[in-house]
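Participant:
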Amino acid sequence: MSSINDSKTAILSTVINFELYRKSAQLFPKNTKKYVIDGTNGMHGLQSIFYMMKKLRGKGIEWLVMADEDVLFQNSELVSEIIQKMKKGNYTVCGVRDGGLLSHRNYNPFLINTFFSIINFKEIESNWDKKQLVKNDFVLDNEFDDDIKGLKGMYDVKSLYEPYYVFYLWLRRNNKRFLFLDSNHPFEEDQISNTVYFENKILLHHTWFARAYGTNEKHTKRINAIFDLLNFESNIEVNPVVFKDKWYYLSAKVSKWIRRIMRRLRIKKKEERIK
Numbered sequence: 168m169s170s171i172n173d174s175k176t177a178i179l180s181t182v183i184n185f186e187l188y189r190k191s192a193q194l195f196p197k198n199t200k201k202y203v204i205d206g207t208n209g210m211h212g213l214q215s216i217f218y219m220m221k222k223l224r225g226k227g228i229e230w231l232v233m234a235d236e237d238v239l240f241q242n243s244e245l246v247s248e249i250i251q252k253m254k255k256g257n258y259t260v261c262g263v264r265d266g267g268l269l270s271h272r273n274y275n276p277f278l279i280n281t282f283f284s285i286i287n288f289k290e291i292e293s294n295w296d297k298k299q300l301v302k303n304d305f306v307l308d309n310e311f312d313d314d315i316k317g318l319k320g321m322y323d324v325k326s327l328y329e330p331y332y333v334f335y336l337w338l339r340r341n342n343k344r345f346l347f348l349d350s351n352h353p354f355e356e357d358q359i360s361n362t363v364y365f366e367n368k369i370l371l372h373h374t375w376f377a378r379a380y381g382t383n384e385k386h387t388k389r390i391n392a393i394f395d396l397l398n399f400e401s402n403i404e405v406n407p408v409v410f411k412d413k414w415y416y417l418s419a420k421v422s423k424w425i426r427r428i429m430r431r432l433r434i435k436k437k438e439e440r441i442k
């Protein structure tokens with residue numbers, strides 16, 4: 168493992184399985200500040216992004232690597248090379264398309280999946296506008312000109328499958344450049360995990376099913392097989408800065424309850440108008 172020679176680069180993980188994180192984080196680039204959002208209370212996706220901006224703004228971070236705990240780096244030194252390419256090419260976001268590459272992700276190919284990404288946090292921080300961001304929950308015909316004809320898998324250019332898509336749609340509609348990485352399923356006995364490449368070099372393996380690690384025999388064995396592939400023997404103590412919104416579970420329940428009531432009231436008013 169090598170370090171990123173940039174003190175203004177950090178790594179953030181939204182974690183639901185701390186047992187897995189304590190192992191996988193040892194494969195993260197060394198000497199890089201690690202932050203964790205505790206997702207054991209249900210926080211993830213778009214809400215995690217909002218919380219990320221709340222907790223990390225003003226900390227002097229220029230580049231932020233977002234990596235789930237089921238991401239196992241094989242060549243973490245490539246992160247530094249990717250950032251250098253992003254700087255030179257004026258890219259704001261780097262990641263893997265959420266359609267057209269992986270067998271079980273056939274959604275929007277113009278956007279990325281958040282299991283791994285690198286973002287120009289400084290740029291996003293300076294332009295952050297949550298109110299405008301949430302207005303981007305829609306797709307337009309022929310809006311983006313990416314050449315996706317060569318994608319080997321299924322995809323849906325009109326998909327809004329993930330709520331966090333609005334974050335990336337907001338960025339794209341503000342003319343921010345995306346650097347897309349290649350990915351596939353290279354393991355014959357494991358058609359769930361995928362490998363991510365940068366310029367034909369293996370960057371990392373994403374195992375999926377983080378929640379199941381340590382409790383489900385099939386997925387634990389499958390994930391451990393990749394640890395074995397990486398000759399993982401390290402026992403480094405990982406001490407990230409952990410953020411947790413202790414009221415999130417309750418507030419999410421209340422918000423869901425309010426939305427349900429409002430929906431019923433709208434239905435009732437509609438029925439009354441019809442009568």
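Start counting the sequence shown at 168; every next residue gets the next number (the numbering used here).
All C-beta atoms, glycine included, are put in the ideal place defined by N, C-alpha and C.
Computed from a prediction, not measured in an experiment: that's the story for all the values here.
#1: Do you know whose CA, among Phe-347, Lys-343 and Ser-326, lies nearest Asp-314's CA?
#2: Could you name each continuous alpha helix (DSSP H) segment of 4 residues or more that falls completely within the region 365-407, going from the start of the chain to the end?
#3: Using the Cα positions of Leu-268 and Cys-261, report the straight-line distance between them to the nearest angstrom.
#4: I'd like the span of the alpha helix (DSSP H) that includes Leu-300, first residue to last.
#5: Excluding five sequence neighbours on each side, which residues of the same chain lie with their C-beta closer than 6 Å to the C-beta of Ser-191?
#6: Report yes if the CB atom of Asp-323 is closer than 8 Å to the CB atom of Asn-273, and no otherwise.
#7: Which same chain residues, not among the five before or five after Leu-336, have their C-beta less than 6 Å away from its C-beta?
#8: What first and last residue would you give for the alpha helix (DSSP H) that runs through Asn-294?
#9: Can you list, in chain order, the residues of its chain with a C-beta nearer than 8 Å to that of Asp-173? Leave out the 5 residues immediately preceding and following it.
#10: DSSP on Arg-455, reduced to helix/strand/coil?
#11: In chain order, what residues of the same chain lie with their CB nearer than 7 Å to the CB of Ser-215, ignoring the 5 residues before and after it?
#12: Can at least three beta-carbon pairs, one atom from the region 345-365 and one from the region 382-400, be found at a separation below 8 Å?
#13: In whole angstroms, what is the alpha-carbon distance linking Leu-370 and Tyr-364?
#14: With a threshold of 16 other CB atoms inside 10 Å of the CB of Val-232, please say whether the residue is buried or exposed.
#15: With a CB to CB cut of under 7 Å and the five nearest residues on each side skipped, what residues in its chain are close to Ile-393?
#16: Looking at the strands, I want to know which residues DSSP matches up with Gly-262.
#17: Look up Ala-177 in the DSSP assignment and give the residues it is bridged to.
#18: Under 8 Å, do Arg-340 and Glu-292 count as touching if we go by C-beta distance?
#19: Does Ser-170 come out as helix, strand or coil in the three-state DSSP assignment?
#20: How long is the line joining the alpha carbons of Ser-401 and Asn-198, rounded to whole angstroms?
Facilitator: Let me lay it out:
#1: Out of Phe-347, Lys-343 and Ser-326, the CA that lies nearest to the CA of Asp-314 is found in Phe-347.
#2: Listed in chain order, they are 384-396.
#3: 15 Å
#4: Residues 297-300.
#5: Glu-236 and Leu-239
#6: yes
#7: Asn-303
#8: 288-294
#9: Around Asp-173: Glu-229, Trp-230, Ser-247 and Ile-250.
#10: This structure leaves residue 455 out entirely; the chain is present only between 168 and 442.
#11: Thr-181, Ile-204 and Gly-206
#12: yes
#13: 5 Å
#14: buried
#15: Leu-239, Ser-360, His-372 and Thr-374
#16: Ser-284 and Phe-347
#17: Lys-200 and Leu-231
#18: no
#19: Because the pLDDT of Ser-170 is 49, which lies under 50, any placement of that residue in the model is unreliable, and the number read from its coordinates should be weighed accordingly. Secondary structure of Ser-170 (DSSP, three-state): strand.
#20: Going by the C-alpha atoms only, they are around 15 Å apart.
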